[in-house]
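To keep things clear, I will list the structure first and then write my remarks on it.
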């Protein structure tokens, strides 16, 4: 009760609009929600349409019949199953690599004192503002020399070499909140540093690790730039690249088959939305932590 | 770790320290190897390449500053891409920051169902970008797209949007805004607002300030670190715009959406002009670095850091 009263009072003083303004805020929130949601709705409705309903003026909002078959046809028109497997291989291995590597590195920065530590950590963070273009050309040539072009390896390797600056930052911040007494007690019991990481730090950092896993998955599921540069045969494509390939290939008599394109887009988006709804907390916390830098 | 006695413990203490340092280096070594081979090495390699002519068939030929001279004095498309990119940055960055801030402010009014709205605003930002661009392409479709139909209902003949040299950049900005404003920027603003101590507002309210004044003199100043953080990342992201234009327009029509990185990409992977593309990459890198440095300098004047934060 008292807490509720305090909250009301606190809100009363801090919010930017008073009681009278609240309906306007609601109206804005609802209006904007429609703007944000409508493209999804329109896409989903388009995905169910028959070809003749696509190129129709005035456009019809609802399909006359919901053609679930569009979602099946997509898989037949392009090797989406291969794209999916490739994406899952890249994302799966990268998640493992990101978690393992970023934990090791973050542990190094969080718990050990060594000369140059703050400068090196600054270097870790500096990569966040480095335009990737300045490294990608030479990387392309390195992978070409190694015979790795048109394989999934260049997309997976970075996860095992550094594990991503953001992930390192996130885990380091989290490790630093774990009391050192725990390490010291374990050390008294004769545990080595790796065991401390493995048996104390990581189990205590499950939320942060989950956040790393989610963002890692999201990045690889959505990434377009690097697959575009490193892959060139259809059989190696990831979903993003496959969808782009689908865009240029799916047509009939020069007309794009929009309904199939939309169906493919919907299918690619659904896992991400499901992931978000089931793990919303980690998304928000992960982003919030990235914002409280410095 | 450094539990050493003061007498005679000195050598042991040094070895313990050295051991700690070595272990530290060992733990960060995966990152360091990655930094050398995936970041620093490639950067230096492309710096070298930027002074060469290299089409990957024969060895690079050293040509001094010619690539840079060509970019700045002869290459018309370079100029077009710089102009397009600056247009995009100057229009889109202030819009994304202010709309994100506005959305966060709406969500921070302590109203019911705020979480639902937050989710609805957030979803576009995690939608696979290729999918987002494709769905907007369909909305912007001049003849059968829903947007021009809505305009038609109001008696307006809509433009060609992505197919029109005048409208293509604003259209792309709309797509980008939809996909970013409700994302991490908004969440960071929201977290920033919610971390402002409420006693500040209460004290100010007792002093008889208006809500507008409290927003102007409490919320906004205390939010400047979040604004700064978002601004830095938004500017870099805007300079790097690529996928959006690559999927939606491939730089057209008539090069009016040829953004800098798109042009760089074409030079590297279409014309196989690796030397020239490397020079373009280094120009971008220096511009981004300089802008970031300038912003850090300027931030001393407008970003407010609480003591001890």
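Protein chains in written order, with my numbering: chain A, 1 to 294; chain B, 1001 to 1309. Note that CB positions come from ideal geometry on N, CA and C, so glycine has one too. Computed from a prediction, not measured in an experiment: that's the story for all the values here.
Distance from residue 1138 of chain B to residue 193 of chain A at the Cβ level is roughly 55 Å; contact not present, criterion being Cβ atoms closer than 8 Å. By the CB criterion at 7 Å, residue 1052 of chain B and residue 1037 of chain B fall outside the cutoff. Assigned with DSSP and collapsed to three states, residue 1052 of chain B falls in strand. The way I'd put it, the region 240 to 250 of chain A doesn't touch the region 111 to 122 of chain A; fewer than three beta-carbon pairs between them come closer than 8 Å. With contact defined as three or more Cβ pairs closer than 8 Å, the region 1213 to 1232 of chain B and the region 178 to 197 of chain A are not in contact.
Listed in chain order, the alpha helix (DSSP H) runs fully inside the region 1207 to 1285 of chain B are 1211 to 1214, 1220 to 1239, 1243 to 1248, 1260 to 1269, counting runs of at least 4 residues. In this structure, the CA atom of residue 1236 of chain B is about 33 Å from the CA atom of residue 202 of chain A. Sorting B:1161, B:1276, B:1095, B:1291 by C-alpha distance to the C-alpha of residue 1182 of chain B places B:1095 at the top. Short of 6 Å from the beta carbon of residue 263 of chain A, and not among the five residues preceding or following it, lie these beta carbons of its own chain, in chain order: 47, 70, 71, 74. At a cut-off of 7 Å between beta-carbon atoms, residue 1167 of chain B makes no contact with chain A. Listed in chain order, the alpha helix (DSSP H) elements of length 4 or more contained wholly in the region 23 to 110 of chain A are 51 to 54, 69 to 77. For the 7 Å CB-CB criterion, residue 1288 of chain B and residue 131 of chain A form a contact. Secondary-structure assignment with DSSP links residue 1121 of chain B through no beta bridge to anything.
Closer than 7 Å to the CB of residue 162 of chain A there is at least one CB belonging to chain B. Around the beta carbon of residue 97 of chain A, 16 or more other beta carbons sit within 10 angstroms, so the residue counts as buried.
Against chain B, the CB of residue 89 of chain A has no partner CB under 7 Å away; the residue lies outside that interface.
In the structure shown, residue 1116 of chain B adopts helical secondary structure according to DSSP, grouped into three states.
Minimum Cα-Cα distance from residue 1265 of chain B among the listed residues A:230, A:245, A:33, A:107 corresponds to A:230. Of all residues in the region 1062 to 1086 of chain B, none comes within less than 8 Å of chain A when Cβ atoms are compared.
Per DSSP, residue 201 of chain A lies in no alpha helix (DSSP H) segment and is marked neither H nor E. At a Cβ-Cβ threshold of 7 Å, residue 124 of chain A and residue 167 of chain A do not count as neighbours. Listed in chain order, the non-local C-beta contacts of residue 266 of chain A below 7 Å within the same chain comprise 43, 44, 47, local neighbours out to five positions each way being set aside. With contacts defined by Cβ atoms closer than 7 Å, residue 134 of chain A and residue 1031 of chain B do not form a contacting pair. Residue 1201 of chain B and residue 1109 of chain B have their C-alpha atoms some 14 Å from each other. Against chain B, the beta carbon of residue 77 of chain A has no neighbour under 9 Å; the closest one sits roughly 15 Å away. Counting along the chain, residue 191 of chain A sits inside no alpha helix (DSSP H), nor does DSSP assign it H or E at all. For residue 248 of chain A, the uninterrupted alpha helix (DSSP H) run begins and ends at 239 to 249, by DSSP. Taking C-beta atoms under 8 Å as the contact rule, residue 220 of chain A and residue 20 of chain A fail to qualify, at a distance of about 48 Å. Take residue 1160 of chain B, set aside five residues on each side of it, and the residues of its chain with a beta-carbon closer than 8 Å to its own are 1142, 1167, in chain order.
The secondary-structure analysis by DSSP pairs residue 1069 of chain B with nothing; it has no beta-bridge partner. Considering only beta carbons, the part of the region 1226 to 1254 of chain B lying closer than 9 Å to chain A consists of 1226, 1229, 1230, 1232, 1233, 1236, 1239, 1240, 1242, 1243, 1246, 1247, in chain order.
At the C-beta level, residue 1084 of chain B and residue 1279 of chain B stay beyond 7 Å of one another. Within chain B, 1024 have C-beta atoms less than 8 Å from the C-beta of residue 117 of chain A, given in sequence order. C-alpha of residue 149 of chain A to C-alpha of residue 139 of chain A: approximately 10 Å in a straight line.
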